[in-house]
Structure formats: structure tokens, C-alpha cells
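Colleague: Going by our numbering, the first residue of the sequence shown is number 956, and it counts up by one from there. Glycine residues also receive a C-beta, built at the ideal position from the N, C-alpha and C atoms. All values reported here derive from a predicted model rather than from experimental measurement.
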Amino acid sequence: MTVAKGAEIAPAKGKLGVLLVGLGAVSTTFIAGVEAIKAGIAEPIGSLTQMGTIRLGKRTDNRVPLIKDFLPLANLKDLVFGAWDIFPDSAYEAAVNAGVLETSLLAKVKTPLQKIKPMKAVFEQNYVKRLHGDNVKTGKNKCARLVMIWAASTEIFLKERPVHKTIASFEQAMRDDHKAIAPSMIYAYAALKSGVPFANGAPNLTVDIPALRLLAEKNNLPVCGKDFKTGQTLMKTIIAPGLKSRMLGLHGWYSTNILGNRDGEVLDDPDSFKTKEESKLSVLEYILQPEVYPRLYRDFSHVVRINYYPPRGDNKEGWDNIDIFGWLGYPMQIKIDFLCRDSILAAPIVLDLALFLDLAQRARMKGVQEWLSFYFKSPQTAPRLYPEHDIFIQLMKLKNTLRHLRGEDLITHLGLEYYD
Ligand SMILES: NC(=O)c1ccc[n+]([C@@H]2O[C@H](COP(=O)([O-])OP(=O)(O)OC[C@H]3O[C@@H](n4cnc5c(N)ncnc54)[C@H](O)[C@@H]3O)[C@@H](O)[C@H]2O)c1
């Protein structure tokens, strides 16, 4: 990824089409939310692009514009949506089925939601074993620009293989119908071949493979991933940096969840859960750095469980039991019971990613967009670099990238100048 300081950014003229792979709980909560905000009946809570500010210059300067005023982001009224799914339900029916939003709110945005009918999906049973859909491929709005976001079910765990290495070997493998080519990779490939930036909201391998990263670089397109950071992992990346900053030790972190939406059902399959587990487990290791702080973090036990429990629907309950130790090794415990709503936490991430990817493309930022780590459980990085998981560092990285893009000074928080 390269970003020129004070780069010229093409204006956000015309409509921005947001193409969603998967028209399930996350996608419909996102679309319904944007339509409700456009209609003036809801607020974009949780969206950094819409509500966040960015401090510029000295603390005494009082320059704290909203991020959306500081940069030429697409306006919400210019967003239009398209989607693929293996089920033919419109966005309205899918939103009612997902059961995340109240029917009274959905009734107010029924007209635009009903117009969104999913296109036929690229799907193969073997990659999402618990789903059986009919709207499967056997390939209007006048958009000036497009972005594509994967918000479809988590695929089975795949490892990088030799066919993923180069663009040519990947294309050959697609022609051969090779089993290392998952549907998500085909969507990403199609996006990157068509000049469309791509974000991966699930823990699938997808654009992590060298072939697709190379394709993004070659075609000057931004990509980012993977796995939206919501719920329990969001909490981990808020709390763990705090414990570490005070040099408090950790014996163990036990996390368990109950959830009853379709995502929970898919994750009940051990192969799909393995993909998710890999994504969830690495977070603490990277934040706590046991190799740097062996006396505090060597051999801590980290367990993550997801249990499919239908009565809860999208309203997940996540429990964390954290066994920490302090001065002289005295043990303490922290218990978290997070009654969260997965799709409510994910929807503003989809919005921000759509707007930032579109911005990145207009600013000619190509390849992996590490500054968008803030939104992901397993952020993509430069080759051979470890991912940054600490949410506060991620936020600083994101905001400094925006300052850099606009030719503003970066903020170090050193602050010595105020004492001169
Ligand atoms: N909600 C969160 O907090 C959160 C956080 C991180 C990641 N995610 C991931 O986001 C994704 C979406 O979550 P959700 O709760 O909306 O799930 P969901 O099950 O409600 O929706 C997924 C949709 O994708 C469709 N689908 C599956 N395979 C497809 C294919 N090949 N092409 C097109 N459509 C396909 C399914 O039919 C379904 O409608 C999941 O992978 C989930 O793990 C969600």
C-alpha cells in the first residue's frame, strides 16, 4: 500500500453502488439502516465516518472537523445497493427473516428494501455445509463507482495452496474447478477484474492469497479484510491493551457465546467454526506479546466457544472470564457478560468500509489497506509483518492515514510544544 501525502482525491460524483455478497442479517441491517438514515428517522450510531471527528494541528487550534467533512466521502444519499444470495428473498423479506430490526422500523423502509432482489449466487455446498439454497448461478442502477463487500456465510477452513500463488496459477485453477478455489475467491476475482475494490467481512481466506493481492496491486484497487471486528473480539481488543499498558498478567481468558442466527447455525459446523476460531484466537497473542513479556503472558490459556442456541436469534450473549494477576502475583478475575447484537455492531462497519474503500480508490491507494485494520478481527498487513490488533493503535493508524492523505501534520501526542 502506498499513499501520497496530500494526494489528489477525485471528487465523489454520482452514485456509489455497494455490492453485497450475501443478503443476510448483516447486509439487510446495514441497508435498512442507511435507508432509515436517508429518510431522517435514524442516526448513524457506531459509524466513525458519520459521527467521528478528527483533531488537526495543536490542541489549542480547536480544529476538530467531522471525518465526513474533512474528506470527500460519498454522501449517504448517493448510496445504492445490490446483492447476491443463494436464497431469492428481497432485502425486505430477508430483513424480516433475520429478525434483527423491529417490523415497525422495517415497514418505514419497505419500498426501497423490496426493490433489492438478490442476483444468483456463486455457491458450492461443500464450502458452507449447513445451507441449502436455490438461487444459485449456473452470472439498473446508474452507478458512477462500485465497491464489493463479502457479508455471506463463513466458508470452511482453507489453507493457502500453490495454486493461490500467482494470478496465472489461480486462473488455471478456476478453469480446472480446483477445490482450493472457494466461491468467495471467485467474487473477489470478479470484482478485481472489473475495477471494483473488495472487502472481506468473514474469516475466509479469500483476498489473503497472493494471487488476489497481486491482482489488486496490478489493477490499482484497494482491498481489505478480514472478519468484521464485533462482539467479543471487539471487547478483547479494548480490554487487553489496557491490561498490558498497566503490566497486569494473564493466566487465562475463557470466552463463550450463545447465538441463534443463521451465522450461528453455519458456525455450528466444525469446518466453518475452525475458520472463525483461527481468526478469533490470534488476537490476544499479538496484543499481549508473550515473547516480549514472558513473566506476564507466557502460556496463558485462551479458549473460544460459539454455541448455536436458536431462541436468542441475533441477540448474542458473550461471556468472558478473565483470570489476571497483579502485584506480587495476586490473582483477580474479571467477568464480562456482553448482551450484544451482532448485526447492529457489524452494520456501521459495512458502511464505513464502503465509504473508505471508495475514498481509497479515488485517492489511488492500491493493494492491502492496513489502515482499515480497525474494522477487522484478522487485519491484512504487509508481507511478513504481524497484524496490529490494539484498537487504540488501529484508530490512530486510521486517523493518521486520513491526516496524511490531506497533507496535515500527524498527531504524535508528544505535546512538548505547549510548555515552551
Ligand atoms: N454479525 C457480526 O457481528 C459479524 C462479525 C464478523 C463477521 N461476520 C460474518 O459476516 C457474514 C454474514 O453474517 P450474517 O449474520 O449476515 O449471516 P447470515 O447467515 O444472516 O447471512 C449470510 C448470507 O449469505 C448467503 N450466502 C452464503 N453463501 C453465499 C454465496 N456463496 N454467495 C452469496 N450468498 C451466500 C446466505 O444465504 C445468507 O443469506 C458471516 O460470514 C459472518 O461470520 C459477522
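Three Cβ pairs or more, each shorter than 8 angstroms: is that satisfied between the segment 1288–1307 and the segment 1224–1236?
Modeller: No, the segment 1288–1307 is not in contact with the segment 1224–1236.
Colleague: Three or more C-beta pairs closer than 8 angstroms, one from the segment 1145–1153 and one from the segment 1097–1108: is that the case here?
Modeller: Segments in contact, yes.
Colleague: Look at the alpha carbon of A959 and the alpha carbon of Y1047, and state the distance between them as a whole number of angstroms.
Modeller: Approximately 42 angstroms between the Cα atoms of the pair.
Colleague: For the segment 1100–1142, which segments carrying the alpha helix (DSSP H) assignment without a break, of at least 4 residues, lie completely within its bounds, in sequence order?
Modeller: Those alpha helix (DSSP H) runs which fall completely within the segment 1100–1142 and span 4+ residues are 1122–1130.
Colleague: Taking the beta strand (DSSP E) that K1290 belongs to, which residues open and close that run?
Modeller: Segment P1286 to R1296, the beta strand (DSSP E) holding K1290.
Colleague: Out of F1078, P1165 and A1107, point me to the one whose CA is closest to D1132's CA.
Modeller: Nearest option by C-alpha distance: F1078.
Colleague: According to DSSP, is G1094 part of a helix, a strand, or is it coil?
Modeller: For G1094, the pLDDT reaches just 45, beneath the cut-off of 50, and the residue's location in the model is therefore unreliable, although a value from the coordinates is still provided. Three-state result, G1094: coil.
Colleague: Taking 8 angstroms as the cut-off, is the CB of L1056 close to at least one heavy atom of ligand 3?
Modeller: You won't find ligand 3 in this model; what it holds is ligand 1.
Colleague: Using the three-state DSSP reduction, which class does V1258 fall into: helix, strand or coil?
Modeller: Here V1258 sits in strand by DSSP.
Colleague: Is the closest heavy atom of ligand 1 to the C-beta of N1212 under 8 angstroms?
Modeller: No, the Cβ of N1212 stays beyond 8 angstroms of every heavy atom of ligand 1.
Colleague: To the nearest angstrom, report how far apart K1075 and L1205 are at their CA atoms.
Modeller: For K1075 and L1205, the distance between alpha carbons rounds to 48 angstroms.
Colleague: When you measure from the CB of Y1142 to every non-hydrogen atom of ligand 1, does any distance come out below 8 angstroms?
Modeller: Y1142 Cβ: within cutoff of ligand 1.
Colleague: According to DSSP, what are the bridge partners of T1211?
Modeller: Paired residue(s): R1260 and W1274.
Colleague: When you compare only the Cα positions, how much space is there between P1165 and L1365?
Modeller: Each residue's alpha carbon lies about 31 angstroms from the other.
Colleague: For Q1005, is the classification buried or exposed, using 16 other Cβ atoms within 10 angstroms of its Cβ as the cut-off for buried?
Modeller: With 16 or more Cβ atoms within 10 Å of its Cβ, Q1005 is classed as buried.
Colleague: Put D1040 into one of helix, strand or coil per three-state DSSP.
Modeller: Here D1040 sits in strand by DSSP.
Colleague: Considering Cα atoms alone, identify which of W1326, P1027, L1360 and D1224 is closest to H1344.
Modeller: Here the closest residue by C-alpha is W1326.
Colleague: Please go through the same chain and pick out, in chain order, the residues whose beta-carbon is closer than 7 angstroms to the beta-carbon of G1094, but skip the five residues on each side of it.
Modeller: Its pLDDT being 45, under 50, G1094 is placed unreliably by the model, and the measurement read from it follows with that caveat. The answer is none, since no qualifying residue turns up.
Colleague: Assign E963 to buried or exposed, taking buried as 16 or more other Cβ atoms, counted over all protein chains shown, within 10 Å of its Cβ.
Modeller: Per the 10 Å Cβ criterion, exposed.
Colleague: By alpha-carbon positions, which one of D1024, G979, S1002 and V1035 ends up nearest to A1042?
Modeller: The displayed chain sequence assigns Phe, not Ala, to residue 1042. Checked all of D1024, G979, S1002 and V1035; the closest Cα to F1042 is G979.
Colleague: Under three-state DSSP, which class holds P1158?
Modeller: The answer is coil: DSSP assigns P1158 none of H, G, I, E or B.
Colleague: Apart from the five residues just before and just after R1317, which ones in its own chain have a Cβ nearer than 6 angstroms to its Cβ?
Modeller: Within the same chain, R1317 has close Cβ partners I964 and A965.
Colleague: Measure from the C-beta of L1369 to each C-beta in chain B and report whether the shortest distance is under 9 angstroms.
Modeller: In the displayed structure, chain B is absent; only one protein chain is listed.
Colleague: Measuring CB atoms only, is the segment 1239–1251 touching the segment 1019–1033, in the sense that at least three cross pairs come out at less than 8 angstroms?
Modeller: Verdict: no, contact absent.
Colleague: Enumerate, from N- to C-terminal direction, the unbroken alpha helix (DSSP H) stretches of 4 or more residues contained entirely within the segment 995–1064.
Modeller: Entirely contained in the segment 995–1064, the alpha helix (DSSP H) runs reaching 4 residues are, in chain order, 1003–1006, 1022–1025, 1046–1053 and 1058–1063.
Colleague: Which same chain residues end up closer than 6 angstroms to A1171 when comparing Cβ atoms and leaving out the 5 residues on each side of it in sequence?
Modeller: Excluding residues within five positions, the ones whose Cβ falls inside 6 angstroms are L1147, V1178 and G1322.
Colleague: When every heavy atom of ligand 1 is checked, does at least one fall within less than 8 angstroms of the C-beta of F1183?
Modeller: Flag set: Cβ of F1183 near ligand 1.
Colleague: DSSP on H1359, reduced to helix/strand/coil?
Modeller: DSSP places H1359 in helix when its eight states are reduced to three.
Colleague: Report all residues from its chain with a CB closer than 6 angstroms to the CB of K1120; omit the five preceding and five following residues, and keep chain order.
Modeller: Cβ within range, chain order: P1165.
Colleague: Quick one: measure Cβ to Cβ for A1038 and I1071, integer angstroms, because I've assumed they're closer than 8 angstroms.
Modeller: That pair is a contact at about 6 angstroms.
Colleague: Relative to the alpha-carbon of K1065, which residue among L974, G988 and K1184 has its alpha-carbon at the smallest distance?
Modeller: Per the Cα distances, G988.
Colleague: Quick one, are the C-beta atoms of K1199 and Y1248 less than 9 angstroms apart?
Modeller: Cβ atoms of K1199 and Y1248: closer than 9 angstroms.
Colleague: Check P1177 in the structure and name its three-state DSSP category.
Modeller: It is a strand residue.
Colleague: State the CB to CB distance for the pair R1296 and V1055, rounded to an integer number of angstroms; the pair is presumed to be in contact (CB under 8 angstroms).
Modeller: Right, the Cβ-Cβ distance comes to about 7 angstroms (below 8 angstroms), so this counts as a contact.
Colleague: Would the C-beta of I1041 count as close to ligand 1, meaning under 8 angstroms from any of its heavy atoms?
Modeller: Checking the Cβ of I1041 against ligand 1 gives yes.
Colleague: Using DSSP with H/G/I as helix, E/B as strand and the rest coil, what is I1366?
Modeller: Reduced to three states, the DSSP call for I1366 is coil.
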